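Top line first, the protein sequences correspond to chains F and U.
Residue numbering for the first sequence follows full-length UniProt numbering, starting at 1 and increasing by one per position.
Residue numbering for the second sequence follows full-length UniProt numbering, starting at 1 and increasing by one per position.
Structure first, then comments.
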Amino acid sequence: MSKSITSAITVEFPKNFVEIEQEDFSDSGSGIYDDFDNITEINNHPAKDVPLDYEFVSLFNFAESFENTKKRKFLLERALKNLNFISTKTINSFNSNITTRIATFINNCVQVDSPYSELPTALIFAGTNLPDHENLCIQLKYSIIKEYKFKTATLLNQNCQTIQHAMTSIIDQFMYINDEDAEYDNSLVIEGEPQDGSDKECEESTFDWRSERVISMLLIKHLPIFKGRSKPLSYDINLLRTWYKQKKTNQIKKLVIFVRDFESIEHKILCHVIQICSLNRSELPFVFVLFLATSMETINQNIPKNVLNLMSFEKFFTKQSSNFFDLITKNLFISSQTSSDCSDNEFNLKLSYNVFDLCWTKFNSHTLCVESYLKDIKFAVLDHYYGNPLSVLTDYDSKKGDDDVIEALQSYHFTEIRNLPSFKSYVNARKEKEAKKMRNLITDDVELKKFIKISLQDLDKYHQNFDTAFNIILSLRNNCHLASGKISLKVLYNFALKQNLLESPQIKFALKSMRKTISILEENSNQNLLEETVIFKKLLADFKSYEDEDYVSSSEASSSEDEISGKKLKRSLEFVETEKIYKRLKLETARNTKKKEKENLHVDKLSENYFFEKDLKENQNFIEKINGRTNKNSLCNFTDKIVDFYENFFRTNLKWHKFFPLNEIKYYSKESRLKKAFSSQPREALRNAFLNPTFYLQCECCSDIENFETELNKNQNDMVIVYKLFKESGKMINLYDWYISFGTVLDDGKIGLDPNLVLARFARCITQLQFLGFIKVTNKKVDHVLKLTFW
Amino acid sequence: MVLDSSDDSEEREFCVNNEPEDENIEEEKSVASNYSSDSEMEQNLLLDFATSHKRVADSDNESISSDILNRKKFKKKRLGLEPKNKVYFLELANERLSKTSDNTCAKLPSMTHQNLLEYLEYYEQKHLKLILQNEKYYEKDFKQWFFQLNHDGLCLVNEKSQNTLSQLSTIKNISLICSVDHQNSTLLWCQKLINLFRFSMIDLTTFKNYSVETSFENSLMAKLTSDQAGGSSGFNGLTLSGCQYVLKSLPKNSRKIFKEFLSHQINEMESKNNERFSQDNEVLESNTKTTNKTKNASYKNCGMNFETLYLICIEKFYASSRQVLQTILVEFKDHNLIVYSNSESNSNDNMGDDQNMVCPMDLENLKILYESID
Numbered sequence: 001m002s003k004s005i006t007s008a009i010t011v012e013f014p015k016n017f018v019e020i021e022q023e024d025f026s027d028s029g030s031g032i033y034d035d036f037d038n039i040t041e042i043n044n045h046p047a048k049d050v051p052l053d054y055e056f057v058s059l060f061n062f063a064e065s066f067e068n069t070k071k072r073k074f075l076l077e078r079a080l081k082n083l084n085f086i087s088t089k090t091i092n093s094f095n096s097n098i099t100t101r102i103a104t105f106i107n108n109c110v111q112v113d114s115p116y117s118e119l120p121t122a123l124i125f126a127g128t129n130l131p132d133h134e135n136l137c138i139q140l141k142y143s144i145i146k147e148y149k150f151k152t153a154t155l156l157n158q159n160c161q162t163i164q165h166a167m168t169s170i171i172d173q174f175m176y177i178n179d180e181d182a183e184y185d186n187s188l189v190i191e192g193e194p195q196d197g198s199d200k201e202c203e204e205s206t207f208d209w210r211s212e213r214v215i216s217m218l219l220i221k222h223l224p225i226f227k228g229r230s231k232p233l234s235y236d237i238n239l240l241r242t243w244y245k246q247k248k249t250n251q252i253k254k255l256v257i258f259v260r261d262f263e264s265i266e267h268k269i270l271c272h273v274i275q276i277c278s279l280n281r282s283e284l285p286f287v288f289v290l291f292l293a294t295s296m297e298t299i300n301q302n303i304p305k306n307v308l309n310l311m312s313f314e315k316f317f318t319k320q321s322s323n324f325f326d327l328i329t330k331n332l333f334i335s336s337q338t339s340s341d342c343s344d345n346e347f348n349l350k351l352s353y354n355v356f357d358l359c360w361t362k363f364n365s366h367t368l369c370v371e372s373y374l375k376d377i378k379f380a381v382l383d384h385y386y387g388n389p390l391s392v393l394t395d396y397d398s399k400k401g402d403d404d405v406i407e408a409l410q411s412y413h414f415t416e417i418r419n420l421p422s423f424k425s426y427v428n429a430r431k432e433k434e435a436k437k438m439r440n441l442i443t444d445d446v447e448l449k450k451f452i453k454i455s456l457q458d459l460d461k462y463h464q465n466f467d468t469a470f471n472i473i474l475s476l477r478n479n480c481h482l483a484s485g486k487i488s489l490k491v492l493y494n495f496a497l498k499q500n501l502l503e504s505p506q507i508k509f510a511l512k513s514m515r516k517t518i519s520i521l522e523e524n525s526n527q528n529l530l531e532e533t534v535i536f537k538k539l540l541a542d543f544k545s546y547e548d549e550d551y552v553s554s555s556e557a558s559s560s561e562d563e564i565s566g567k568k569l570k571r572s573l574e575f576v577e578t579e580k581i582y583k584r585l586k587l588e589t590a591r592n593t594k595k596k597e598k599e600n601l602h603v604d605k606l607s608e609n610y611f612f613e614k615d616l617k618e619n620q621n622f623i624e625k626i627n628g629r630t631n632k633n634s635l636c637n638f639t640d641k642i643v644d645f646y647e648n649f650f651r652t653n654l655k656w657h658k659f660f661p662l663n664e665i666k667y668y669s670k671e672s673r674l675k676k677a678f679s680s681q682p683r684e685a686l687r688n689a690f691l692n693p694t695f696y697l698q699c700e701c702c703s704d705i706e707n708f709e710t711e712l713n714k715n716q717n718d719m720v721i722v723y724k725l726f727k728e729s730g731k732m733i734n735l736y737d738w739y740i741s742f743g744t745v746l747d748d749g750k751i752g753l754d755p756n757l758v759l760a761r762f763a764r765c766i767t768q769l770q771f772l773g774f775i776k777v778t779n780k781k782v783d784h785v786l787k788l789t790f791w
Numbered sequence: 001m002v003l004d005s006s007d008d009s010e011e012r013e014f015c016v017n018n019e020p021e022d023e024n025i026e027e028e029k030s031v032a033s034n035y036s037s038d039s040e041m042e043q044n045l046l047l048d049f050a051t052s053h054k055r056v057a058d059s060d061n062e063s064i065s066s067d068i069l070n071r072k073k074f075k076k077k078r079l080g081l082e083p084k085n086k087v088y089f090l091e092l093a094n095e096r097l098s099k100t101s102d103n104t105c106a107k108l109p110s111m112t113h114q115n116l117l118e119y120l121e122y123y124e125q126k127h128l129k130l131i132l133q134n135e136k137y138y139e140k141d142f143k144q145w146f147f148q149l150n151h152d153g154l155c156l157v158n159e160k161s162q163n164t165l166s167q168l169s170t171i172k173n174i175s176l177i178c179s180v181d182h183q184n185s186t187l188l189w190c191q192k193l194i195n196l197f198r199f200s201m202i203d204l205t206t207f208k209n210y211s212v213e214t215s216f217e218n219s220l221m222a223k224l225t226s227d228q229a230g231g232s233s234g235f236n237g238l239t240l241s242g243c244q245y246v247l248k249s250l251p252k253n254s255r256k257i258f259k260e261f262l263s264h265q266i267n268e269m270e271s272k273n274n275e276r277f278s279q280d281n282e283v284l285e286s287n288t289k290t291t292n293k294t295k296n297a298s299y300k301n302c303g304m305n306f307e308t309l310y311l312i313c314i315e316k317f318y319a320s321s322r323q324v325l326q327t328i329l330v331e332f333k334d335h336n337l338i339v340y341s342n343s344e345s346n347s348n349d350n351m352g353d354d355q356n357m358v359c360p361m362d363l364e365n366l367k368i369l370y371e372s373i374d
């Protein structure tokens, strides 16, 4: 198979409404796609010597070095791989619960060999996001085959034209597909897991199942039913029966039939399939799994009662896809990669507010489908690495010290960086105070390199700390008292991207709820105390990990004693807080020992708290030394301190990303591109073309026309003239009047036009307008056409 | 009708199909931006693009004539007159594009998804069936195909075609590069289809004429002029697809009656056509100046009256009484499937026995319609 890469160049007009793409299938050699090579030849640039096998377009008018172009390609591949890895992992973890439940049901469902037994059927209410069903189905299949070695078949819409088609497809899938085949479909299998079967094994297995089929065919020929026939029919259930009998030694306990997209399937055919399976249930242990997008109603409406009687249903509900959206967003954009397990699988690109908002709006009001959200992200990744020369810096790892990347930057890159808005605002803000430094940044490339390094490090650090601070706010908002309206992760993240979160009501609200919670602790009478303490413990656990990291980094970065003592103070405060909570907890547990359940719960909590206790004891002396003034009884003071501390913490770590210089390198913000690619409006494009043809044609004849929207000129394109006349008319248009006005525009009185030619041109325009869907024939009035668009 | 080819206008919106992106990242298609701020460069690129595009457009114009030729062959094929070379018309259209490489483009406005599959099967007989049955095979020895389609063309705007094409586009080795023209074309796809197609849209307005595309449509102007010339009561906008749609919704018995009616009209029109053809030949032999009239017989002066149809229906047990047949005919008339050609008064009450009923369509379309009735 020949590999072919699409390369594209997009040119934007000043008015930003036209986009032309050119493609280069570098290996294809097909005439229509040779144009790109011509462009490289026309531009006599030194960079034209680059090897022909390059696949990414060299940017900066082909002046970008080959290494950088290659690097971008490499980074794109890595980013897509990592995106795939993270999303797959998230999907697996998100669905794991329901998959296990369904798999257990399929395993446990009993089939009694009696005339009244029913076909066990799992009904999965998977939501209206149809494309996501596929992932669930694949995952389910995989887990069933892996754990229980059952055989599976999927019945799809396209196989359901006739009952013969449907049965053939089911029988073929059962008989042909063996275990290796199922694992072949490893789009949802995480890389790194051991995969069975090399190529050779595959070939052998292929041979196996072919021969297996031949054997079963031979066996079938000797059955009394097939005597006299030369060949059994492919849709005959006896084929499956014979095969199953033969296979039984290997103990296939269940034959699972998945019916995906139940609503669109031909229900009559499905009913027949169910009836056939039901008739053979004594010999063939069928289990059905139906994926529903709507509700139970659809089953009752589409399947008749006599078929429903043959099945016993078990309902399963999947989680809402908005939770899935949250999880994906969290894993991709919020979680700091260093703290997660997969430090090799970093996904560094973030979405800016515009793009994220667009994706979220599309998800929320149109698709509800995570697949399409991932598609949007993939497109953003492609666009970023393909078109932005600075994307070589996106994956810069300050810890590994990728200094080669910065060294490989060219002068074009530096110009590009100096043109970034964030860089400009950074320089402008400091140009008076640090005039010399700023001048160096603008003129000296070496200085700029240092600056790039530091800025990227800062950004990395910011993202790590942002994760902790963000999670604390989220849990404060959602778990503490006073949280009248809970807020979802995506909404809060949207806030954080849109504006400075510090100035938003979100933080104030979080701090307020924290104060309230502590005051409730003080009252000492609330049953929910335990829950609250657990929350605080969680917060502290989050916080502790952060503190440790920060502690190390700060000690490395600066040796100022004040700062370190400040950190220590904060730490001590934390421990005081824990101590308080712990003591109160003890009191509570003493009171509630009567109730068994609660007791158990408390014991659990206590055992968890044991570690805190240990910590406390170790640090007791330390705390007392530093924070001797802490009066344990004055909780008010204590609360203030805690809240102040958190406020400071948020202030340092929840800055808006736009405040950081060079943030454009890590944040993708070309929202218009996404819009054009996935929610384009052909009508708008046509309208633009008619009203502003010069932007497309760039012809000289129209250069003297000032107002394109209203002015009519004979030099203009016929379609443009006809469309403008079309715009002026009402709901119905008289064709004759239209024709006359068209003729008047064309005829300037000097040269007499051939009326036949005018008619021909008019007829062509009318036909094309009809073809484009602007007008329609009507029976209401003679010689009139109906207008279909009104703007 | 001669059209001035110098005034070009055509608007097209192209969709580039994104490959299903899993492991093979190389096959991703992308729209990407050049962040370069050099405006001169942009201008140059644009000019280069325009010239290259024009070159492609010119070569397109050359192939239009062959396309029209193909269209005739295509129609013949649909009528069952030329069953041998299934993919001939496609081969012609793609001669230019398929010379050099594995990557092949197919382009024809009247192409249906069946033609596309036939075309694929012709070259990939071994693999296609396996591919469509089982995704397992798609990576093995299967060539890469690119199809350029008029995606919202009349022949492809139906659920079945779109479903099939979407299935086709999920195969990794097949990419679709489609053009869509209609202003509401995005309404064509539901969420499921969009996800399968993975289109990314690019506004690519070329201002080229829709010469080939519109030649398949019943032009509004042509309809008007022919109606005016014929003097029938207003134009009825009868299209083949419309007729087929109406007939689908009618009961089986009505369809049978209509089929009988059509067979009669087709026979009549064919015989008239032959007569005229022979007459013309005679005239041509005698006088070379005589213009060659259209060989396609008009439906005027054809048709059958109520009584004849009634007798046929009685014979074949389609209708038991006049009243039943009348009711069915009223339905036909309401849907403009038939018109009363010699009627002086058009009211339904006076559907007299002497009136001639006729289906207002040309012979070729009538034959297609006849074949499409079950």
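Using N, Cα and C, we set each Cβ at its ideal position, and we do this for glycine too.
Given the structure is predicted, the values throughout are model-derived calculations rather than measurements.
Legend entry - Listed by chain order, chain F residues near U/PHE207 by CB distance under 8 Å: The answer, in chain order, is ALA689, PRO693, TYR696, LEU697, ASN717 and MET719.
Legend entry - Nonlocal neighbours in the same chain, by C-beta distance under 8 Å from U/PRO251, ignoring five residues either side: Here the set comprises nothing.
Inset, instruction - Work out the CA separation of F/GLU416 and F/GLN716 for me, nearest whole Å. - result: So the two alpha carbons sit approximately 40 Å from each other.
Inset, instruction - Report yes or no: is there a C-beta of chain U within less than 8 Å of the C-beta of F/PHE85? - result: No, because no Cβ of chain U sits closer than 8 Å to the Cβ of F/PHE85.
Inset, instruction - Would you please verify whether the beta carbon of U/VAL246 is less than 8 Å from any beta carbon of chain F? - result: With 8 Å as the cut-off, U/VAL246 does not count as an interface residue toward chain F.
Legend entry - Residues in the region 137 to 155 of chain F having any Cβ partner in chain U nearer than 7 Å: Residues passing the 7 Å Cβ filter: none.
Legend entry - Interface partners of F/GLU371 on chain U, CB under 7 Å: Contact of F/GLU371 with chain U by beta-carbon distance below 7 Å involves ASN195.
Legend entry - Beta-carbon proximity check, U/GLN191 vs F/THR154, cutoff 8 Å: Not a contact, by the Cβ cut-off of 8 Å.
Inset, instruction - Classify F/LYS149 as helix, strand or coil using the three-state DSSP reduction. - result: Correct three-state label for F/LYS149: coil.
Inset, instruction - Determine, using beta carbons only, whether F/GLN768 comes closer than 8 Å to chain U. - result: A Cβ of chain U is located within less than 8 Å of the beta carbon of F/GLN768.
Inset, instruction - Compute the distance between the beta-carbons of U/LEU366 and U/ILE266, then report whether it is under 8 Å. - result: The beta carbons of U/LEU366 and U/ILE266 sit closer together than 8 Å.
Legend entry - Test: F/THR789 CB closer than 8 Å to a CB of chain U: It does: the Cβ of F/THR789 has a partner Cβ on chain U nearer than 8 Å.
Inset, instruction - Compare the C-beta of U/HIS335 against all C-beta atoms of chain F and say whether one is closer than 8 Å. - result: Not closer than 8 Å to any Cβ of chain F, the Cβ of U/HIS335 fails to qualify, so no.
Legend entry - chain U within 8 Å of F/ALA380, Cβ atoms only: Output row for F/ALA380: interface = no.
Legend entry - Helix, strand or coil at U/CYS190 [DSSP, three-state]: In this structure, U/CYS190 counts as coil in the three-state DSSP scheme.
Inset, instruction - Determine the direct distance from the alpha carbon of F/LEU474 to that of F/TYR235, and round the result to whole angstroms. - result: Approximately 57 Å between the Cα atoms of the pair.
Inset, instruction - Would you kindly check if the distance between the Cβ of F/ASP718 and the Cβ of F/ARG761 is under 8 Å? - result: It is a contact, given that the beta carbons lie within the stated cut-off.
Inset, instruction - Return the first residue and the last residue of the alpha helix (DSSP H) that F/VAL273 is part of. - result: That run of the alpha helix (DSSP H) goes 267 to 279.
Legend entry - Under 7 Å from the C-beta of U/TYR210: neighbouring residues of chain F: Near U/TYR210 (Cβ distances below 7 Å), the residues of chain F are GLN768 and PHE771.
Legend entry - Run of the alpha helix (DSSP H) containing U/GLU331, from where it starts to where it stops: Start and end: 322 to 334.
Inset, instruction - Please say whether U/TYR318 and U/ASN253 have beta carbons closer to each other than 8 Å? - result: Closer than 8 Å, so yes.
Inset, instruction - Check F/GLU64 in the structure and name its three-state DSSP category. - result: The three-state secondary structure of F/GLU64, taken from DSSP, is coil.
Legend entry - Beta-carbon proximity list for F/PHE150, same chain, < 6 Å, skipping 5 on both sides: Counting only Cβ-Cβ distances below 6 Å, and skipping sequence neighbours, we find ILE144, LYS254 and VAL256.
Legend entry - Per-residue burial, F/CYS699 [other beta carbons within 10 Å of its own, 16 or more giving buried]: Exposed is the call here.
Legend entry - Neighbour flag for U/VAL339 against chain F, beta carbons, 8 Å: Output row for U/VAL339: interface = no.
Legend entry - Reduced DSSP category for F/ILE751 - H, G, I as helix; E, B as strand; rest coil: In the three-state reduction of the DSSP assignment, F/ILE751 falls in the coil class.
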